[in-house]
Amino acid sequence: MLNNDKLWYRDAVFYELHVKGYYDSTNDGTGDFRGLSMKLDYLKDLGIDAIWLLPFYKSPLRDDGYDISDYYSIQPEYGTLDDFKNFIERAHSLGIRVIADLVLNHVSDQHEWFQESKSSRNSKKRNWFIWTDDPTRFSEARIIFVDSERSNWAYEPVTQQYYFHRFYSHQADLNYDNPEVREEIKNVVRFWLNIGLDGFRADAVPFLFKREGTNCENLPETHNFFKELRKMIDEEFPGTILLAEANEWPTETKKYFGNGDEFHMAFNFPLMPRIFVSLAKRDSFPIIDIIEQTKDIPENCDWCIFLRNHDELTLEMVTDEERDIMYKEYVKIPKMKLNIGIRRRLAPLLDNDRSTIELVNALIFSLPGTPIIYYGDEIGMGDNIYLGDRNGVRTPMQWSYDRNAGFSYADAEQLYSPVITNPNFSYESVNVEGESRISSSLLNWMKKIISVRKDYRELLGRGEVQFLNQRNKRVLVYIRKYHDQRMLCIFNLSRRHTYVELDLSEYKGLKPVEAFTKSYFPRIGDLPYFFTLHPRSFFWLNLTVPSFDDSMDFDGDE
Ligand code: NOJ
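When we follow our numbering, the leftmost residue of the sequence shown carries the number 22, and every step to the right adds one.
Now the structure itself:
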């Protein structure tokens, strides 16, 4: 059963997946909703509270479903509407919520709205899209897919005009100045929330409205539309949420929370690359700086913090210097670059270094916000940069060392994508079944961190953050505080052994208890508190009021 806390998303652990890549119950080579339902127990056991489903609507799949041709039906390979309903019901019965992508900026050029619109200049749907004779309009709007598009306008020969598209040219932007479009998108939202979805991850939110003389991003009209949508869902579907994909500079991204009356959540795009920059520079400043800039958001809102997702690791909103650092540290061969970003999964990006993988996870599980895991990253899945576009990070989930990684019993040639066979990451060793059997596996470690996070649900979900001043910049130190609870978090960002000396006098008398193993540390006294740290290691220390004699410290330890 679902918990009925209105702010459920603040304490949750999210998981992003594509139905196509999760489990194939029909053996046709593509995952489906029945297959996904069969794997819900796995997600429950992992400790997941909410799933974000990548687009599953009818689509020619030229942008993996972000090119919708019918908002009201499901891509046939993924199953039927009934399969979808059963999946939602089963997820809810396990206490797992489900949100889905809402691709509202554009539709596929195969969508009947666009087909009708392009058929004649007098079409009833002409004004559902943005047409012009002059492709120099909106010239300040940047091009997003720089590797494949040269302009945001595409010529359409039948009516001899250009239409606007922010992404691929086969994804025509809807005209949000048209009230019919706005109304129809609200109906789409109603349709799926009525079926039982718990909210949406809204795609490409900054781009809805366009105005000459601006960069056509984050316009007041766009914010107003989302406020309207929020009002509607609050009234008609209380408890459901909107999560913003707004990859912008911190001040602009923050604005999507409005005054607590726009989005419930937004991805912390500013933080994500700075985590990797901090590692590359062995310097805590990039993280501290960005958290300072993104804190103080309305009480009923939260950041969604991620390390990787289904796209390239985007570097659009970082400084040139930061981008150079990222390319230098993480792009081993040019093929790893895509657009303005890096197409790699978490484990290969971090050289498969277990300590670093744990460290970055410990960061997103303890910094303010709600963590989200990208499917497969919990087992350390690899990627295949040779599959083109972003397909290399979208390969089948690796369940076992059986044929096709236990994802499907189709012929290997029939799979929507090959499985990962590179020996360093092969499904034969990187898979759920194998990792379940080894207690020290990454999967078991991920389970542990999720359960520890749940031990301190409110403290880590809702507490404030305060960075501690100390001299060793290679080490990041902060305290999370919630009422009378406190968690001291310490991270060695460098690849060297090191130490920190902390002034914890404010907490004198308290006793640090390590959160994973519950080991006791000496009571905080008058002297500076001293920690030695292994390369890329971390501590989460719950600062407790000691309730017994300190001489008992080692009792019960292994
Ligand atoms: C952002 C999505 O994450 C990406 O996968 C997609 O290609 C674009 N929006 C266009 O919808």
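Think of the CB as a built atom: it goes at the ideal place given N, C-alpha and C, for glycine as much as any other residue.
Terminal residues of the alpha helix (DSSP H) in which residue i lies
i, result
"Phe278", "It is not in any alpha helix (DSSP H) - Phe278 carries neither H nor E in the DSSP assignment."
"Lys248", "241 to 257"
"Val298", "292 to 302"
"Trp29", "29 to 32"
"Ile109", "102 to 114"
"Phe54", "54 to 59"
Exposure of residue i, with buried meaning 16 or more beta-carbon neighbours within 10 Å
i, result
"Leu125", "buried"
"Asp70", "buried"
"Glu579", "The predicted model places Glu579 with a pLDDT of 44, which falls under 50 and marks its position as unreliable; any figure quoted below should be read in that light. Exposed: under 16 other Cβ atoms inside 10 Å."
"Met286", "buried"
"Tyr36", "buried"
"Ala536", "buried"
"Lys79", "buried"
"Leu102", "exposed"
"Asp53", "buried"
"Asn196", "buried"
"His504", "exposed"
"Gly281", "exposed"
"Tyr93", "exposed"
Where the beta strand (DSSP E) through residue i begins and ends
i, result
"Pro392", "391 to 395"
"Arg364", "From DSSP, Arg364 is part of no beta strand (DSSP E); its letter is neither H nor E."
"Leu263", "262 to 265"
"Trp149", "Note, Trp149: premise wrong, no beta strand (DSSP E); not H, not E."
"Trp134", "Trp134 -> not in any beta strand (DSSP E); alpha helix (DSSP H) instead, spanning 133 to 140."
"Trp561", "559 to 565"
"Phe552", "550 to 554"
"Ser80", "From DSSP, Ser80 is part of no beta strand (DSSP E); its letter is neither H nor E."
"Ala121", "118 to 123"
"Val639", "The requested residue 639 does not occur in the structure, where the chain is confined to residues 22 to 579."
"Glu91", "It is worth fixing the name first, because residue 91 is Asp in this sequence and not Glu. Unbroken beta strand (DSSP E) run through Asp91: 91 to 95."
Residue i versus residue j: straight-line alpha-carbon distance, rounded
i, j, result
"Arg171", "Val202", "27 Å"
"Ser526", "Ile164", "52 Å"
"Thr442", "Ser46", "22 Å"
"His132", "Leu562", "54 Å"
"Asp168", "Pro355", "13 Å"
"Lys276", "Tyr422", "46 Å"
"Phe135", "Gln487", "51 Å"
"Gly217", "Lys207", "16 Å"
"Ala96", "Arg83", "It is Gln, not Ala, that sits at residue 96 in the sequence shown. Each residue's Cα considered, the two are about 13 Å apart."
"Asn48", "Ser429", "5 Å"
"Glu249", "Leu115", "32 Å"
"Arg303", "Arg517", "10 Å"
"Phe105", "Val498", "44 Å"
"Tyr176", "His127", "17 Å"
"Ile89", "Glu320", "34 Å"
"Tyr63", "Asp32", "20 Å"
"Val473", "Phe230", "43 Å"
"Phe166", "Glu333", "11 Å"
"Asn268", "Phe288", "8 Å"
"Asn259", "Leu214", "It should be pointed out that residue 259 corresponds to Pro in this sequence rather than to Asn. Their backbone Cα atoms lie some 10 Å apart in a straight line."
"Ser540", "Phe559", "14 Å"
"Arg483", "Glu283", "19 Å"
"Lys27", "Ala193", "36 Å"
"Glu449", "Leu370", "20 Å"
"Leu359", "Ile545", "49 Å"
"Gly220", "Glu522", "45 Å"
"Lys353", "Ser140", "47 Å"
Pair within 8 Å by beta-carbon distance, residue i and residue j
i, j, result
"Gly390", "Ile326", "yes"
"Phe185", "Phe159", "yes"
"Leu57", "Tyr44", "yes"
"His191", "Ser129", "yes"
"Gly86", "Leu75", "yes"
"Gly362", "Leu380", "no"
"Asn452", "Trp420", "yes"
"Arg364", "Ile406", "yes"
"Ile385", "Leu436", "no"
"Leu564", "Pro533", "yes"
"Tyr520", "Phe551", "yes"
"Trp174", "Pro200", "no"
"Phe290", "Thr272", "no"
"Asn373", "Gly401", "yes"
"Tyr510", "Ser376", "According to the sequence provided, residue 510 is Cys. The question's Tyr does not apply to it. Cβ atoms of Cys510 and Ser376: not closer than 8 Å."
"Trp152", "Tyr183", "yes"
"Arg222", "Asp122", "yes"
Cβ of residue i within 8 Å of any chain B Cβ
i, result
"Lys316", "The displayed structure is made up of one protein chain only, and chain B is not part of it."
Next on the checklist: If we require 3 or more residues per run, which beta strand (DSSP E) segments fall completely within the segment 449 to 525?
Outcome noted: Taking only runs of at least 3 residues, the beta strand (DSSP E) segments lying wholly in the segment 449 to 525 are 485 to 488, 496 to 503, 506 to 513, 519 to 523.
Item to check | Entirely enclosed beta strand (DSSP E) segments - the segment 309 to 374, minimum 3 residues | outcome: Fully enclosed beta strand (DSSP E) runs of 3 or longer: 323 to 327.
Next on the checklist: Just to confirm the assignment: which complete beta strand (DSSP E) runs, minimum length 3, are found wholly within the segment 151 to 222?
Outcome noted: Taken in chain order, the complete beta strand (DSSP E) segments of 3 residues or longer contained in the segment 151 to 222 are 174 to 177, 182 to 185, 192 to 194.
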